[in-house]
Ligand code: FES
């Protein structure tokens with residue numbers, strides 16, 4: 056897991072002086088244009104954008120707090136609260152809903168023991184379903200895990216993703232043996248019929264549908280360089 060993801064796990068407050076610095080980077084464009092990159096900058100550093108940051112952004116960009124808040128909450132990608140080290144998002148838009156997302160939510164809730172918008176007690180995983188389309192209906196049901204998109208997810212696939220999280224966090228033998236360690240609180244039960252070796256699950260994951268990033272990289276590799284795909288500065 057990246058350092059950034061770990062940072063998400065510990066960040067609970069946002070340094071407003073840092074928010075001011077981020078706003079300063081976009082003084083040369085209009086406040087409305089600056090909003091998105093400012094939100095992105097804050098979220099990249101802290102993993103979320105809270106109310107205090109919203110007010111500071113409004114003050115710095117000379118916008119109303121309502122304007123800032125409505126822009127922020129319009130986009131599902133921005134998080135309002137600090138979350139767990141891992142972030143598991145489930146699309147429950149109409150496209151995904153009709154292809155089985157309800158069953159996926161049941162798998163997550165049963166295995167993680169948390170509901171929508173909640174974080175496991177050890178701060179490892181935040182689960183967030185979204186009722187608005189995440190923009191890739193052709194891949195439905197769609198899941199985002201730690202910034203990576205996974206398409207055509209069925210119950211077995213969801214179990215595998217959770218198995219993989221479990222392996223990342225708890226499979227070190229010394230941790231498993233240590234009373235009181237994180238591993239004692241292994242956040243999820245083994246998936247039904249998933250076998251005993253997590254490595255088998257990892258292998259299965261790679262054999263199934265690739266993430267969107269992998270898919271796009273594969274398409275690019277197959278089609279070769281695209282016209283006008285060079286540096287934007289050269290246009
Ligand atoms: S409804 Fe899920 S990606 Fe569109």
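Residue numbers (the working numbering): 56 to 290.
Note that beta-carbon positions come from the ideal geometry of N, C-alpha and C, so glycine has one too.
Pair within 8 Å by beta-carbon distance, residue i and residue j
i	j	result
residue 294	residue 157	With the chain covering 56 to 290 only, the question about residue 294 has no answer from this structure.
residue 117	residue 69	no
residue 98	residue 134	yes
residue 74	residue 111	yes
residue 182	residue 173	yes
residue 300	residue 94	As displayed, the chain neither begins before 56 nor continues past 290, which places residue 300 out of reach and without an answer.
residue 148	residue 189	yes
Alpha-carbon to alpha-carbon, residue j and residue i
i	j	result
residue 292	residue 187	Since the first residue shown for the chain is 56 and the last is 290, residue 292 is missing from the structure and cannot be characterised.
residue 195	residue 204	11 Å
residue 91	residue 225	37 Å
residue 180	residue 143	7 Å
residue 131	residue 276	30 Å
residue 72	residue 191	37 Å
residue 56	residue 208	Reliability of the predicted coordinates at residue 56 is poor, the pLDDT of 39 falling under 50, and no value is obtained from them.
residue 206	residue 165	21 Å
residue 160	residue 83	44 Å
residue 122	residue 113	8 Å
residue 96	residue 154	34 Å
residue 78	residue 136	20 Å
residue 210	residue 171	17 Å
residue 220	residue 197	18 Å
residue 101	residue 89	18 Å
residue 150	residue 169	24 Å
residue 109	residue 80	17 Å
residue 200	residue 177	18 Å
residue 325	residue 129	The structure shown does not extend to residue 325, since the chain is modelled only from 56 through 290, so no value can be given for it.
residue 146	residue 107	28 Å
residue 119	residue 76	19 Å
residue 124	residue 86	14 Å
residue 202	residue 138	13 Å
residue 115	residue 193	40 Å
Residue i, DSSP secondary structure in three states
i	result
residue 136	coil
residue 118	coil
residue 174	strand
residue 29	The requested residue 29 does not occur in the structure, where the chain is confined to residues 56 to 290.
residue 10	In this structure the chain extends from 56 to 290, so residue 10 is not present and cannot be described.
residue 164	helix
residue 69	coil
residue 180	strand
residue 147	coil
residue 159	helix
residue 197	coil
heavy atom of the ligand NAP below 7 Å from residue i C-beta
i	result
residue 132	Questions concerning the ligand NAP fall outside what the structure shown contains, since the ligands it does hold are the ligand FES.
Report the residue ranges of all beta strand (DSSP E) runs contained in full by the region 81-105; include only those spanning at least 3 residues, in chain order. none
Under 6 Å, CB to nearest heavy atom of the ligand FES: contacting residues: 146, 148, 149, 150, 151, 188, 189, 190, 191, 192, 195 and 197
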